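Residue numbers (this note's numbering), protein chains in the order written: chain A, 1 to 167; chain B, 1001 to 1167; chain C, 2001 to 2167; chain D, 3001 to 3167.
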């Protein structure tokens, strides 16, 4: 089984809802297993043992300090390279469509690449006219059906690659 | 008079509409004068003589090659520093709310800062829940009233600073 | 007097050394006063009362969680707008020349713009071939004389604008 | 055979030298074939037929207008999705260590993700203290041995994934 860790800061309930949709997408892929963890309960060894990582944050003018601090204190995996070469992805939620939502995702992209991981976002589809980004899944104010579908697509995408690379 | 050059690539008509709203905002400021130029007709000496610069682009997976090429060929102002210390701002329009609209604005931010200019975006307001970014004015698919108001606010903001610094 | 708050996370001593050089630059400007604060000792009301803000961080795959958490907990100034329209700038230090140093600065740029502030970096100069960025002052591994001169130039630049806008 | 297209704007000879080193890395991987193309001679169908893409640009305050224009005019692959799911990577060269080199790489990251591709940079290694980025391979002013080794590592990394995914 390939384990996909979905690690997020749940301060905003929207982020938790997006995380749930990402996990639904992961569950669609045979051989993949979703581990969903709020940073308040996550342990560093879960980061160490995953086959893929999906990071989620509220847009608090970028990634929340709480999520970043958790990652800062999770060990020196960026240096030791345990996550290098594994797939990574991102999602973010906030109150405004262009008020830093992509910027928050971009900070998550940076954290994924800082571990030497492969980054996957969402490819273009007609649904991106309403939700989602090349950098990952999104939601603004409320979770729409389009948001949920994009988050599922992202979960399935990262899980399929994790299964393939873990075999 | 402080001259604010609004320089944009008009391939998408939305960009032209946003440019018009930015100019309306500039016109509200006593002592400021808006010069609106499509890159197809703009001349490098207009860049040289402005007191402030507002750059606009369609979201073509980032700034259009046409706008970037125009700037590449407009001389070495980044090196000679004619624009350094003057105010700059940005606007962008596209088909999807998070499909690179902020990324396009961020590339414009980079071009402004690459000239040593001061960068101004939009401050938070309730309207940012519907339109606009810390990086500048926005529009998606059609120009809404909120888009127009944010673009006017941006034009007025950059013009007011240009007048103040030119005095 | 215009007060320029230099707020940084000192985990890396290089950041503290850069902060000192920024303050030296501020002190060169008549009418400007530098307040240098490590996030471990800074109080939110100092943020509220400043006329300009210079943020500094170590490159810990982006801004440190400690600095971001301090800002997250400093109140809702981004919402109430007390800092809007005031000048802001950034500096960063780390161990590698392109291993996220600009990315860290870019996250500081985002925090400055998220408050609706004006952002100033460094304009091009021959010295940028050795140190500094359009996004702010830099240092890698050790503080060189070029790093110090760029940090001073940045401090003087933001202080001069703060004095001008405060008058 | 998995074909890795190395597409770059050669205006700066450093970019051409980095491209050569990337190709050397690709050639080290059994089953991978490097196609090196300057944008002046590249044809859109080469983009369509590749199994992986490595984009390179000089730092001209971001990606050169010439490279961006070529991509703008290469068809609507971002929309039709021919490149989606394939590996992509980036390299950049310029005159200053932090004067937009990462920003240029970031624009290439965006172009790769805008096609729905997987993005790979360089993982941390001691060599990143001297050259290279989480976003790709780098060179400043002259090509050093470290630059060459990082570019080779990047080429080998993207080629190995391309071979694996093409099988």
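All C-beta atoms in this analysis are idealised placements derived from N, C-alpha and C, irrespective of residue type, glycine included.
Computed from a predicted model, the values in this text were never measured in an experiment.
The beta strand (DSSP E) runs of length 3 or more contained entirely in the stretch 3037-3083 of chain D are, from start to end of the chain, 3052-3058.
The beta carbon of residue 2096 of chain C sits closer than 8 Å to some beta carbon of chain D. The alpha carbon of residue 2030 of chain C has as its nearest neighbour, out of C:2004, C:2040, C:2048, C:2013, the alpha carbon of C:2004.
Contact with chain A is found for residue 1103 of chain B, since one of that chain's Cβ atoms lies less than 8 Å from the residue's Cβ. Less than 8 Å divides the Cβ of residue 22 of chain A from the Cβ of residue 155 of chain A. Under the Cβ distance rule, residue 123 of chain A counts among the residues neighbouring chain D, one pair being separated by less than 8 Å.
Listed in chain order, the positions of the stretch 3041-3061 of chain D with a beta carbon within less than 9 Å of a beta carbon of chain B are 3060, 3061. By the CB criterion at 8 Å, residue 3013 of chain D and residue 3044 of chain D fall outside the cutoff. The straight-line gap separating the alpha-carbon atoms of residue 167 of chain A and residue 153 of chain A is approximately 21 Å. At a cut-off of 8 Å between beta carbons, residue 3008 of chain D makes no contact with chain A.
If you ignore the 5 residues before and after residue 159 of chain A, its C-beta comes within less than 6 Å of the C-beta of 4, 26, 29, 32, all in its own chain and listed in chain order. Taking each of A:77, A:66, A:56, A:60 in turn and checking the Cα distance to residue 49 of chain A, the smallest one comes out for A:77.
Think of a sphere of 8 Å around the beta carbon of residue 1111 of chain B: the chain D residues whose beta carbon falls inside it are 3061, 3062, in chain order.
Annotated three-state conformation of residue 3033 of chain D is strand, per DSSP. Against residue 13 of chain A, chain B offers no close residue; the least beta-carbon distance is about 17 Å (beta-carbon pairs closer than 9 Å).
Residue 2114 of chain C: not part of any beta strand (DSSP E); member of the alpha helix (DSSP H) spanning 2101-2114, first to last residue. Linking residue 2039 of chain C to residue 3106 of chain D through their CA atoms gives a straight-line distance of about 29 Å. Residues of chain B whose Cβ lies closer than 9 Å to the Cβ of residue 129 of chain A are, in chain order, 1095, 1096, 1097, 1099, 1140, 1141.
Taking C-beta atoms under 8 Å as the contact rule, residue 3140 of chain D and residue 3096 of chain D qualify, at a distance of about 7 Å. Looking at the DSSP output, residue 3120 of chain D bridges to nothing.
For the stretch 2063-2094 of chain C, the set of residues with a beta-carbon nearer than 7 Å to any beta-carbon of chain D is empty.
Neighbourhood of residue 1133 of chain B in chain A, by CB distance below 7 Å: 98, 99, in chain order. At a C-beta separation below 7 Å, residue 3107 of chain D has these neighbours in chain B: 1062, 1107.
Taking a beta-carbon distance threshold of 8 Å, residue 3028 of chain D does not count as an interface residue toward chain A. Among the CB atoms of chain D, none fall inside 8 Å of the CB of residue 1116 of chain B. The closest CA to that of residue 3082 of chain D, considering only D:3131, D:3127, D:3113, is found on D:3113. The CB of residue 2120 of chain C comes closer than 9 Å to the CB of 1085, 1113, 1116, 1117, 1118, 1119 in chain B, given here in chain order. Beta-carbon to beta-carbon, residue 53 of chain A and residue 88 of chain A are separated by about 5 Å, close enough to satisfy the 8 Å threshold.
As the crow flies, the alpha-carbon of residue 1093 of chain B is around 19 Å from that of residue 1124 of chain B. Beta bridge pairing from DSSP links residue 2133 of chain C with C:2136. Classified as buried, residue 3133 of chain D has 16 or more neighbouring CB atoms from the shown chains inside 10 Å of its CB. Residue 1088 of chain B is bridged by DSSP to B:1053, B:1119. Within the model, the alpha-carbon separation for residue 2162 of chain C versus residue 2151 of chain C is close to 16 Å. Boundaries of the beta strand (DSSP E) around residue 2002 of chain C: 2002-2008.
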